[in-house]
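Heads up, the thing below is written out as structure tokens.
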Amino acid sequence: MFILLVHKLPVQHIGKKAILKIGKKTFQAKSKDAAKKATVNFSNATIKAGGKNVYFTKAKMQHILQNHHPNYWTGKGGKSMFDPSLSVNGVKNIVTNVINSNKTTIGNALKKGNSVNVYKTINGIKYKVNIGKDGYVKSAYPV
């Protein structure tokens, strides 16, 4: 397991290839297909929060992986990254854990028709989950 000091990691380019370095490990940008293949068995999740539903879809999991997981990253710079050893299910568990720990805050925001950012520190790493006013998870990442 990597111990990450979470910050926006710089992207290097070797020719046209985007490269990300975390510690001694190097990750090359992947095609969007990598995240699609990784989420083939992903099941959408619906979580009740203060009388409102929060939806976590396969499409948003793919978005999160493509932008914030080094094994599925598509090359965009300036992004914070999940620990590379985390599985897709591990990322899903983090997102649902953050949501479950902030149900009152989420429910209150959604009842007012607002989007909301919620946070939780898990194993010493603070995570942010953004939920749109429609109740759908928009993104999640370490901060």
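Last residue of the sequence shown: number 143 in the UniProt record's numbering, and the count goes up by one each step with no gaps. Cβ atoms here follow ideal geometry from the backbone N, Cα and C, with glycine treated the same way. Here the structure is a predicted model, which is why all the values come from computation and not from measurement.
Whole-angstrom distance between residue j and residue i, CA atom to CA atom
{"i": "Leu-110", "j": "Lys-76", "result": "30 Å"}
{"i": "Thr-39", "j": "Pro-70", "result": "15 Å"}
{"i": "Lys-36", "j": "Ile-19", "result": "20 Å"}
{"i": "Ile-64", "j": "Lys-92", "result": "10 Å"}
{"i": "Asn-130", "j": "Tyr-119", "result": "9 Å"}
Simplified DSSP assignment, three categories, for residue i
{"i": "Gly-132", "result": "coil"}
{"i": "Val-98", "result": "helix"}
{"i": "Ala-29", "result": "coil"}
Proximity winner among the options, relative to residue i (alpha-carbon distances)
{"i": "Asn-41", "options": "Lys-126, Gln-28, Met-81 and Val-88", "result": "Val-88"}
{"i": "Gln-66", "options": "Asn-114, Gly-23 and Phe-27", "result": "Phe-27"}
Residue i CB to nearest heavy atom of the ligand ATP below 7 Å
{"i": "Asn-130", "result": "Of ligands this structure carries none, so the ligand ATP is not represented either."}
C-beta contact flag for residue i and residue j at 8 Å
{"i": "Ala-97", "j": "Ile-122", "result": "It is worth fixing the name first, because residue 97 is Asn in this sequence and not Ala. A contact, by the Cβ cut-off of 8 Å."}
{"i": "Pro-142", "j": "Phe-56", "result": "no"}
{"i": "Lys-52", "j": "Gly-107", "result": "yes"}
Those runs of the beta strand (DSSP E) which lie wholly inside the segment 36-90 and span at least 3 residues: 45-49 and 52-56
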